[in-house]
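Colleague: Numbering-wise, the sequence shown is residues 17 to 246 according to the working numbering. Where a beta carbon is used, it is the ideal one built from N, C-alpha and C, also for glycine. Just so you know, these numbers come straight off a predicted model, no measurement behind them.
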Amino acid sequence: MEGELANVDKMQTCDEDKRLLKTALKEPEAVDLQQAAMTVVNVAMKDPAFCKHAGKICHTIMQAESKAGGSALFRRHLLTQLQTEFGRREETRKNDVQRWVLFVTLMCNLFDHVKVNGAPMVALVGPIHDCLTRLAQPDAVCNPQEVDCLARELQRIGEGLEEAAAAAAAGPAGDSRMDELFCGLRDAFLLGPDLPSLSRLLLLELIEVRAGGWELTDSATRYYYSELPE
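Here it is, written out as structure tokens:
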């Protein structure tokens, strides 16, 4: 709790927003949880430092709401806000790539940190797959911000995302979606001289990571880290 409160204090937003989220963390029944959910999403999509901690903050608010006898109202409002942003993702990407990348990062953080009955939120699986697949398209992998986000998030949640998709579909559909994503990723890798060297390195690393069961050998890790620019 103390860590989440400290991260709220560091948010790049007004004092009113900070007071709202601090109260939501301690007494969720005392605040407008719809406004709290909107605040989390809006600030996370413009503040990279806060975005990194948003998943843990949301998880703590949900736990506090559950202990107070709440009915998962914050989670519902959060998913509604994410659905709205997901619906305009292409417009966001066109107008502000950083905001688009932070949106993808936020959803991946929520998938990583927020658990419902011990499992990630199933409602996020499909949208995250769609966003990561978009990041694997040729026009995106040539953009340093987008390819960095793709590489970072797939290495962080790729295995869990694949497992969650398979579990939700009660079959191999999860593997199929990840296969499609990596098929697009391989196509992007074959762009040739138009693909920046850093993008090529990151895509090759991702291909090797998944081929190795979502792990890199020690020698491969040393290679990729030695090739990355300082």
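(1) In chain order, what residues of the same chain have a beta carbon less than 6 angstroms from the beta carbon of Ile73, not counting five sequence neighbours either side?
(2) Whole angstroms are fine: how far does the CA of Arg35 sit from the CA of Arg226?
(3) When you compare the CB positions of Ala80 and Lys38, do they come within less than 9 angstroms of one another, or not?
(4) Bridge partners of Pro136, per DSSP?
(5) Helix, strand or coil: how does DSSP classify Cys74 here?
(6) Secondary structure at Arg104, three-state DSSP: helix, strand or coil?
(7) Buried or exposed: which applies to Cys147, given that a residue is buried once 16 or more other Cβ atoms fall within 10 Å of its Cβ?
(8) Could you tell me the alpha carbon to alpha carbon distance between Leu98 and Val57, rounded to whole angstroms?
(9) Scan the region 156–239 and note each continuous alpha helix (DSSP H) run of 4 residues or more that stays entirely inside, going in chain order.
(10) By Cβ distance below 8 angstroms, which residues in the same chain neighbour Met194 in space, the five residues on each side in sequence not counted?
(11) Roughly how many angstroms lie between the CA atoms of Phe90 and Asn133, to the nearest whole one?
(12) Grouping DSSP H, G and I as helix and E and B as strand, with all else coil, what is Arg43?
(13) Among Pro143, Glu221, Arg92 and Ala152, which residue has its Cα nearest to the Cα of Asp203?
(14) Start and end of the alpha helix (DSSP H) containing Cys147?
(15) Starting from the Cα of Ala184, find the closest Cα among Arg172, Gly142 and Ala156 and give me that residue.
(16) Expressed to the nearest angstrom, what Euclidean distance is found between the alpha-carbon atoms of Thr29 and Val59?
(17) Label Asn125 either buried or exposed according to how many other C-beta atoms from any shown protein chain fall within 10 Å of its C-beta, with 16 as the threshold for buried.
(18) Report the rounded CA-to-CA distance for Val24 versus Gln51, giving the unit in angstroms.
(19) Are the beta-carbon atoms belonging to Leu218 and Asp164 less than 9 angstroms from one another?
Modeller: The relevant details are as follows:
(1) Glu20
(2) 42 angstroms
(3) no
(4) Lys131
(5) helix
(6) coil
(7) buried
(8) 7 angstroms
(9) 160–185, 189–205 and 213–227
(10) His145, Gly174, Leu177, Glu178, Ala181 and Arg226
(11) 16 angstroms
(12) The amino acid at residue 43 is misidentified as Arg; the sequence shows Glu. Looking at Glu43 - three-state DSSP - the assignment turns out to be coil, as it is neither helix nor strand.
(13) Ala152
(14) Val141 to Leu151
(15) Gly142
(16) 7 angstroms
(17) buried
(18) 15 angstroms
(19) yes
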